[in-house]
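Q: One structure, pasted below without further comment.
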Amino acid sequence: MRIALIPVKALGLLVRHRCLLLIAAVAALFILPFALSRDPEICVLNAIGLAYVLFQFRRFALGWAVGKAAGAAQRRAAERAQKNDARKGDRDDDGNGN
Numbered sequence: 019m020r021i022a023l024i025p026v027k028a029l030g031l032l033v034r035h036r037c038l039l040l041i042a043a044v045a046a047l048f049i050l051p052f053a054l055s056r057d058p059e060i061c062v063l064n065a066i067g068l069a070y071v072l073f074q075f076r077r078f079a080l081g082w083a084v085g086k087a088a089g090a091a092q093r094r095a096a097e098r099a100q101k102n103d104a105r106k107g108d109r110d111d112d113g114n115g116n
């Protein structure tokens with residue numbers, strides 16, 4: 019019974035993470051001719067193509083993650099600056115807070 023749930027869990031993981039779903043779809047495009055072909059030359063070319071596509075998607079995923087982290091850091095910095103400006107606005111014009 020547990021073995022039958024593995025594809026269901028894998029499908030759920032792919033649906034939750036769209037990037038993995040995209041990688042799986044592109045990999046399937048390369049694996050399908052690989053599985054259907056009996057010609058060794060085509061098999062080798064498909065394996066090389068699959069390795070290249072997976073490498074490019076790894077670069078894409080890494081760049082996406084770095085971009086998300088940089089955006090979050092920039093958002094936090096903007097919130098801190100806004101809080102600091104609000105605190106400065108509470109002070110008198112002479113800037114000593116009295």
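FYI, this note's numbering numbers position 37 of the sequence shown as 55, with every residue one higher than the one before it. C-beta: ideal position from N, C-alpha, C; glycine also. The model shown is predicted, which means the values in this text are computed figures rather than measured ones.
1) Do L63 and A45 have their beta-carbon atoms positioned less than 8 Å apart in this structure?
2) Classify I41: buried if its beta carbon has 16 or more other beta carbons within 10 angstroms, exposed otherwise.
3) My output table needs one value for D57: the three-state DSSP class, helix, strand or coil.
A: Judging by the given coordinates:
1) No, these two residues do not count as a Cβ contact at 8 Å.
2) I41 should be labelled buried.
3) In the three-state reduction of the DSSP assignment, D57 falls in the coil class, being assigned neither a helical nor a strand state.
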